[in-house]
Amino acid sequence: GDTVYRSFSVQVVRADEGPGKTYPFGLSANEILRQELLARGYTEEEVRFSLQDPTERRVLLLQNRVELMWSTQDGPFRYVVTGLRDERVADFSLAEGLRRWNELKANLKEGERLVLNPWLDQSFLTRTPSRSPLTAGIGVAIWGTAWVLSLALLIAIPVGIGTAILLEEYLREGTLNRILEVNLRNLAGVPSIVYGLLGLALFVREFGLGPSILAAALTLGLLGIPVIVVTSREALRAVPESLRQAAFALGATRRQVVFRVVVPAALPGMVTGVILSAARLIGEAAPLLLVGAAAYVPFFPNGPMSEYTVVPVQIYLWVSMNIPEFSRVAAAGILVMLAMLSGLYLMALYLRNRFRREW
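So in UniProt numbering the end of the sequence shown lands on 359, straight run, no missing numbers.
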């Protein structure tokens, strides 16, 4: 018959929250969609309109997501019915699912309890996105973040540090130095959305890069350059003038003084500034949404011209979905992002304390 249950894969997970209703086997597709819409807060009239309109009904069917609650002796279980054939999701019957559940319960040791489908585990870090919250992962977003951040730093570090050395060691005095210093400090405070608009107009459209990793990296590179310049200049200023004068007294050229004396002495401060800049870039979502970060990318990026998504954009997508389970997936993604940021900040703190010098 025309029943969703007989033609779709089923996965069993623990559900402590839900409508608390028990539906019989063999529900038609229309009845299941009706229950889904009612659970979302639709009125009966709105449900009838949605099911009668061919376009609206097609959209509902393409969402491939229906939840049924089944009452068992151990409490409610949620059976997620999805039209996506996923090899990571076991496809077995209700009886087989209960048999496996009872078998797992029987093998529990003292003090142990059975938890199905945790939201944050090792597989969450490697799984690809999914329309089902039960199989959604953040692996593609982490890989996309690594691509975008790496290329952005490759662009921002040489430009930022080179500009800082030029202004601090070669153009210390003069009108050009003052003009550049004022503009760089202003650029460091410009909202990131402005860089997104610039990246959309310049890199995506004018240069024809499209919504690619390279366009995103160039945009974030522009965003990171002012921060790196400001922090690098502060590190260079912290080097005592006596070191420069001593090197000049020994007959060293300006180039030798800068690159063999000053820059090595200021390097720990520069590295700390770069790491702090990277931590800021990781959390940027607004400019990347403008330059084409995709909402759903089911494959890992393999080059600078690939489509991509990043961790903050993926979290934003999950939060914006009107499905309770995705809010839990988003919470797991936020924990991953906080762990990444904490790691960068701890690294910056360690490097600052490890290589701190008292002049």
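Just so you know, even glycine gets a beta-carbon here, dropped at the ideal spot from N, CA and C. What you are looking at is a predicted structure, and each value in this text was computed from that prediction instead of being measured.
Exercise. Mind the definition here: the stretch 209-218 touches the stretch 143-158 only if three or more C-beta pairs lie below 8 Å; say whether that holds.
Key: yes
Exercise. Below 6 Å CB to CB, which residues in the same chain sit around G221 once its five sequence neighbours on both sides are set aside?
Key: For the purposes of this step, residue 221 is identified with residue 221 of the sequence shown, where counting begins at 1. Closer than 6 Å at the Cβ level, and outside the excluded window around G221, lie A152, I155, A156.
Self-check item: Backbone CA spacing between E56 and Y308 [nearest angstrom]
Solution: Position 56 of the sequence shown, counted from the start, is the residue given in the question as residue 56. Position 308 of the sequence shown, counted from the start, is the residue given in the question as residue 308. C-alpha separation (whole angstroms): 29 Å.
Quiz item: Excluding five sequence neighbours on each side, which residues of the same chain lie with their C-beta closer than 7 Å to the C-beta of residue 360?
Solution: There is no way to answer for residue 360, as the model of the chain reaches only from 1 to 359.
Practice problem: Assign L33 to buried or exposed, taking buried as 16 or more other Cβ atoms, counted over all protein chains shown, within 10 Å of its Cβ. | Solution: The residue labelled residue 33 in the question sits at position 33 within the sequence shown. Per the 10 Å Cβ criterion, buried.
Quiz item: Okay, do the stretch 301-318 and the stretch 239-255 touch, 3+ Cβ pairs below 8 Å being the bar?
Solution: no
Quiz prompt | Contacting residues, own chain, Cβ-Cβ under 6 Å from W318 (five flanking each side not counted) | solution = Along the sequence shown, one-based indexing puts residue 318 at 318. F326, V329, A330, listed in sequence order.
Practice problem: Kindly list the residues whose CB is nearer than 7 Å to the CB of L51, restricted to its own chain and excluding five residues on each side of it in sequence; keep chain order. | Solution: By one-based count along the sequence shown, residue 51 stands at place 51. Counting only Cβ-Cβ distances below 7 Å, and skipping sequence neighbours, we find N30, L33, R34, R57.
Quiz item: So, A294 versus P211, is the Cβ gap smaller than 8 Å?
Solution: What you label residue 294 is simply residue 294 of the sequence shown in a count that begins at 1. What you label residue 211 is simply residue 211 of the sequence shown in a count that begins at 1. Their beta carbons are under 8 Å apart, which means A294 touches P211 by this criterion.
Quiz item: Taking just the CA atoms, how far does A279 sit from R99?
Solution: By 1-based counting over the sequence shown, the position of residue 99 is 99. By 1-based counting over the sequence shown, the position of residue 279 is 279. Each residue's Cα considered, the two are about 48 Å apart.
Self-check item: Inter-residue spacing [alpha-carbon to alpha-carbon] between T140 and R127
Solution: Counting from one through the sequence shown, the residue named residue 140 turns up at place 140. Counting from one through the sequence shown, the residue named residue 127 turns up at place 127. In the sequence on display, residue 140 carries Val and not Thr. Roughly 7 Å between the two C-alpha positions.
Self-check item: Local Cβ density within 10 Å of S320, reported as buried at 16 or more and exposed below that
Solution: Locating residue 320 in the sequence shown gives position 320, counting from the first residue. Exposed, by the Cβ-count rule.
Quiz prompt | Alpha-carbon to alpha-carbon, L37 and I213 | solution = In the sequence shown, counting from the first residue as 1, residue 213 sits at position 213. In the sequence shown, counting from the first residue as 1, residue 37 sits at position 37. Rounded to whole angstroms, I213 to L37 spans 38 Å at the Cα level.
Self-check item: Collapsed DSSP secondary structure at R354 in the structure displayed
Solution: Your numbering for residue 354 matches position 354 in the sequence shown. In the structure shown, R354 sits in a helix (DSSP, three-state: H, G or I).
Exercise. State the Cα-Cα distance for the pair S342 and P54, rounded to the nearest angstrom.
Key: Taking the first residue of the sequence shown as 1, we reach residue 342 at position 342. Taking the first residue of the sequence shown as 1, we reach residue 54 at position 54. Roughly 49 Å between the two C-alpha positions.
Self-check item: Pair within 8 Å by beta-carbon distance, I165 and V263
Solution: Residue mapping note: residue 165 aligns to position 165 of the sequence shown, counting from 1. Residue mapping note: residue 263 aligns to position 263 of the sequence shown, counting from 1. Yes, they are a contact pair.
Practice problem: Please work out which residues of its chain come closer than 7 Å, Cβ to Cβ, to A286, disregarding the five sequence neighbours upstream and downstream, and give them in chain order. | Solution: Along the sequence shown, read from residue 1 onward, the residue named residue 286 stands at position 286. S192, I193, G196, listed in sequence order.
Quiz item: Around the Cβ of A339, are there at least 16 other Cβ atoms within 10 angstroms (buried) or fewer (exposed)?
Solution: Position 339 of the sequence shown, counting from 1, holds the residue named residue 339. Flag for A339 reads exposed.
Exercise. Could you check the C-alpha separation between G224 and A136 for me, to the nearest Å?
Key: Taking the sequence shown and counting its residues from 1, one reaches residue 224 at position 224. Taking the sequence shown and counting its residues from 1, one reaches residue 136 at position 136. About 31 Å.
Quiz prompt | Status (buried if at least 16 other CB within 10 Å, exposed otherwise) for L125 | solution = Indexing the sequence shown from 1 puts residue 125 at position 125. Under this definition L125 is an exposed residue.
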